[in-house]
Ligand SMILES: [Fe+2]
Ligand SMILES: [Fe+2]
């Protein structure tokens, strides 16, 4: 067993890995990450080995029961943002953006492109589900690419070879093309691997427009929004709203600004947005 990465290390590595898999259209992938000897790459592999081993249908049900009652904490939007920011890896303060900065860079890039305010707000809060880490969850159950459980794992999911170790892969209930699902049943009827996307969707589901909810719920579902590996589970509604998931993705991946956003200056704007769409306190 290799040494467990520090809380946020895996996030930066995951992001680098994503940029290697999905480089910005006119940019080359990060060369060092293509190198199989890269320690970062080994960490990402180890992360997915564990993730793919333990994200089973049963595990997802267990986590849904554990967390979807949303009775751990009540916070305003800004309290949640500040709470998430306590996740900062302070061993390396000057190279990595903190969580608030990632959120603001994403949302400010959306705002600069003139998108509607709910889209900006969605960008601002899209990773708040990572508070799961602060509730004691392991990183492999919070971040990383997501995928359906309860049916065959696609070989278009990153590191598909690691699904060999997942008990569901050998379980007849779950290892056929459709598994427990009907053809084109709609993703709302499909259980996704557990992580910050699905969790935050449940926190926000009464407050944001459907377009924003799709962005929250499926933003790490690269096997579909980039690879189209699970179209056989999608219905017309999903197809219509995945346009928004794809519209959101570049802001998540490619919105690194040259100068970090001025958090204090931007705060009033985001508090107004929160007041427009969200209740005073959110249940986590
Ligand atoms: Fe995310
Ligand atoms: Fe993100």
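Residue numbers (the working numbering): 748 to 1031. For every residue, glycine included, the Cβ atom is placed at its ideal position computed from N, Cα and C. The structure displayed is predicted, hence computed values, not measured ones.
Sorted by chain position, which residues of the same chain lie with C-beta nearer than 7 Å to residue i's C-beta, five sequence neighbours on each side aside?
i            : result
residue 1012 : none
residue 882  : 819
residue 798  : 887 and 891
residue 945  : 939 and 964
residue 941  : 802, 806, 807, 810 and 888
residue 974  : 903
residue 848  : 1007 and 1008
residue 867  : 854, 857, 858 and 1020
What does a CB cutoff of less than 6 Å around residue i pick up in its chain, not counting 5 residues either side in sequence?
i            : result
residue 1021 : 824
residue 971  : 977
residue 1004 : 852
residue 1015 : none
Does DSSP put residue i in a helix, in a strand, or in coil?
i            : result
residue 903  : coil
residue 962  : helix
residue 1029 : strand
residue 1034 : Past the edges of the chain, shown from 748 to 1031, lies residue 1034, and the structure says nothing about it.
residue 938  : strand
residue 862  : coil
residue 870  : helix
residue 1012 : helix
residue 932  : coil
residue 1023 : helix
residue 834  : coil
residue 889  : coil
residue 969  : helix
residue 841  : Caution applies to residue 841, whose pLDDT of 45 falls short of 50 and renders its modelled position unreliable; the value that the coordinates give is listed next. Looking at residue 841 - three-state DSSP - the assignment turns out to be coil, as it is neither helix nor strand.
residue 764  : helix
residue 752  : In this prediction, residue 752 scores a pLDDT of 47, lower than 50, which makes its location untrustworthy; no coordinate-derived value is stated.
The alpha helix (DSSP H) spanning residue i covers which residue range?
i           : result
residue 997 : 983 to 1001
residue 820 : Counting along the chain, residue 820 falls outside any alpha helix (DSSP H), and DSSP gives it neither H nor E.
residue 913 : Unbroken run through residue 913: none, as it is neither H nor E.
residue 786 : 786 to 801
residue 875 : No alpha helix (DSSP H) contains residue 875, which DSSP labels as neither H nor E.
residue 810 : 804 to 814
residue 949 : 943 to 951
Do residue j and residue i count as a contact pair if the criterion is CB distance below 8 Å?
i           : j            : result
residue 853 : residue 1024 : no
residue 876 : residue 947  : yes
Below 8 Å CB to CB, which residues in the same chain sit around residue i once its five sequence neighbours on both sides are set aside?
i           : result
residue 979 : 924, 925, 930 and 931
residue 761 : 791, 794, 890 and 891
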